[in-house]
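Here the numbering used here is used: position 16 in the sequence shown is 60, and no number is missing along the way.
Beta carbons are placed, not taken as given, at the ideal position from N, Cα and C, and that holds for glycine.
Computed from a prediction, not measured in an experiment: that's the story for all the values here.
Take a look at the structure below.
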Amino acid sequence: MAASEDHRKHLCDLKPDQLNGEIKSVSLESDLLELVLNGNINELIEKWNFIQRNLDIAAAFLKSAELGNKRIVQIFIENGADINSTNILGNTALHIAAQHGFFDLVKILVRNGAKVNEQNLNGDTALMLGVRSACSLPLIEYLLCDESVANVNLQNYLGKTALMIAIEQHDFSAMKLLLSHKEILLGLKDTNGRTAYDIAKDLRLGELFSIFESCRVKLVNPLFLAIKQNSVALIRSVLYTLGKEEVNTLDDSGFSPLMVSLKGKNVNMEIISMLLKAGADVNAGSPVDNLTPLFLACKAGCLQSAIQNKFYSIVLKKTSRLFPHYCS
45 MAASEDHRKH LCDLKPDQLN GEIKSVSLES DLLELVLNGN INELIEKWNF
95 IQRNLDIAAA FLKSAELGNK RIVQIFIENG ADINSTNILG NTALHIAAQH
145 GFFDLVKILV RNGAKVNEQN LNGDTALMLG VRSACSLPLI EYLLCDESVA
195 NVNLQNYLGK TALMIAIEQH DFSAMKLLLS HKEILLGLKD TNGRTAYDIA
245 KDLRLGELFS IFESCRVKLV NPLFLAIKQN SVALIRSVLY TLGKEEVNTL
295 DDSGFSPLMV SLKGKNVNME IISMLLKAGA DVNAGSPVDN LTPLFLACKA
345 GCLQSAIQNK FYSIVLKKTS RLFPHYCS
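Right under this line is the structure:
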């Protein structure tokens with residue numbers, strides 16, 4: 045209300061020619077907003093020739109970022125728009141683009157001078173907003189790359205880092221990515237005095253956090269560490285963050301995660317099934333005797349369980365080597 049009164053008083057104090065200029069500016073900005081909303085690029089370019097250089101075009105520029113219209117954003121930038129202008133929440137175009145997951149637009153803004161570590165009124169950076177909205181992982185990777193250089197350790201006004209936000213969002217892929225960052229500081233605390241690990245532990249994600257942290261130091265596939273724990277829930281969470289190639293990564297002895305799971309004394313068929321569905325290679329034999337996963341399943345005495353869990357049928361679709369009758 046006070047802001048409205050101040051604006052009304054400001055208009056009353058203006059001279060007639062100044063008042064006409066301000067009304068004209070508001071009208072032009074409204075026209076710009078309408079053109080942005082309609083995506084009318086040609087008219088936008090034409091109208092630009094009549095726009096006063098002192099006109100505040102931030103609203104139209106930020107709206108084009110919100111809509112993800114790369115071409116219009118580019119036009120604004122090329123014609124002198126302040127790329128780091130903010131809305132009433134302190135969000136820049138980069139904040140908005142990251143929040144909406146507009147990867148290509150984020151790259152355009154960064155390459156044209158957007159401040160990557162700018163914080164809004166809540167202290168959030170583009171990285172934090174990208175993590176909170178669960179946008180694409182490549183976008184987060186880009187913000188952390190050498191071209192963008194996002195500060196992974198910045199904290200908002202609640203003391204939250206991007207890592208803490210990822211943990212609270214149960215975004216395991218972002219959590220793994222941020223924990224692998226070379227400059228991550230794990231001793232930072234939020235306003236409640238909790239570290240990232242404390243938050244993970246409270247959310248029953250402590251084991252997963254520890255696995256990802258260990259991989260940062262030991263440079264090992266987290267799947268092997270999860271299999272060692274023999275926890276179905278833990279392995280499921282780790283698998284969620286891995287691609288097919290990582291599912292088939294070999295350990296120092298040349299064994300895949302599937303082979304390691306079948307080598308144990310107590311083979312867990314639920315884990316085997318999860319690995320197969322994730323793309324584990326059934327033809328990846330032992331480096332010593334080239335035995336297949338199916339052979340090891342038979343040798344472990346779990347063929348009946350394997351058949352009941354459709355392990356046998358899945359393997360037969362992918363390999364014809366060493367069928368069960370060869371195991372006797």
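- Going by DSSP, V326 is part of no alpha helix (DSSP H) at all; its letter is neither H nor E.
- Here the alpha carbons of T130 and I116 stand approximately 17 Å from one another.
- Classified as buried, T136 has 16 or more neighbouring CB atoms from the shown chains inside 10 Å of its CB.
- Ranked by Cα distance from N310, the options Q273, V264, T235, E290 are led by Q273.
- Looking at the backbone, the Cα of I243 and that of L230 are separated by about 11 Å.
- Only residues of its own chain outside the window of five on either side were considered, and among them I211 have a CB closer than 7 Å to the CB of L249, listed in chain order.
- Going by DSSP, F253 is part of the alpha helix (DSSP H) stretching over 250-262.
- Excluding residues up to 5 positions away in sequence, L181, Y284, T285 lie with their Cβ nearer than 8 Å to the Cβ of S217 in the same chain.
- Under the three-state reduction of DSSP, A137 is assigned to helix.
- About 15 Å separates the beta carbons of L247 and L223, which is beyond the 8 Å limit, so they are not a contact pair.
- Going by DSSP, V304 is part of the alpha helix (DSSP H) stretching over 301-307.
- For Q199, no alpha helix (DSSP H) run applies, since DSSP gives it neither H nor E.
- Where L278 is concerned, the enclosing alpha helix (DSSP H) starts and stops at 276-284.
- For D242, the three-state secondary structure derived from DSSP is helix.
- The alpha-carbon separation between E191 and G112 amounts to approximately 21 Å.
- Annotation: the continuous alpha helix (DSSP H) that includes S108 extends over 102-110.
- In this structure, A170 and H139 form a Cβ contact; the two beta carbons are roughly 5 Å apart against a cut-off of 8 Å.
- Counting along the chain, V193 sits inside no alpha helix (DSSP H), nor does DSSP assign it H or E at all.
- Around R176, the same chain offers I209 as residues with beta carbons nearer than 6 Å, after the five sequence neighbours per side are excluded.
- The beta carbons of L173 and A142 sit about 5 Å from each other, so the pair counts as a contact at 8 Å.
- Using a 10 angstroms sphere on the CB of I132, the tally of other CB atoms stays under 16, which defines it as exposed.
- Boundaries of the alpha helix (DSSP H) around D148: 147-155.
- With distances taken between CA atoms, Q199 lies nearest to R238 out of D215, R238, L183.
- The beta-carbon separation of D234 and G203, rounded to 3 Å, stays under the 8 Å limit for a contact.
- Taking the Cα positions, L319 is about 7 Å away from V291.
- Beta-carbon to beta-carbon, L165 and G145 are separated by about 22 Å, too far to satisfy the 8 Å threshold.
- Proximity to G298 across A328, K245, A277 peaks at A328, based on C-alpha coordinates.
- Contact between A240 and T293 is ruled out by a C-beta separation of about 26 Å, above the 8 Å threshold.
- Collapsing the DSSP output to three states places G287 in coil.
- Taking the Cα positions, V160 is about 32 Å away from E251.
- Excluding the 5 residues flanking it on each side, F268 has same chain C-beta neighbours closer than 7 Å at D295, P301, V304, in chain order.
- Excluding sequence positions up to five before and after L153, its CB lies within less than 7 Å of the CB of I127, A137, L138, A141, all in the same chain and listed in chain order.
- Sixteen is the threshold: since fewer than 16 other Cβ atoms of the shown chains lie within 10 Å of the Cβ of V261, the residue is exposed.
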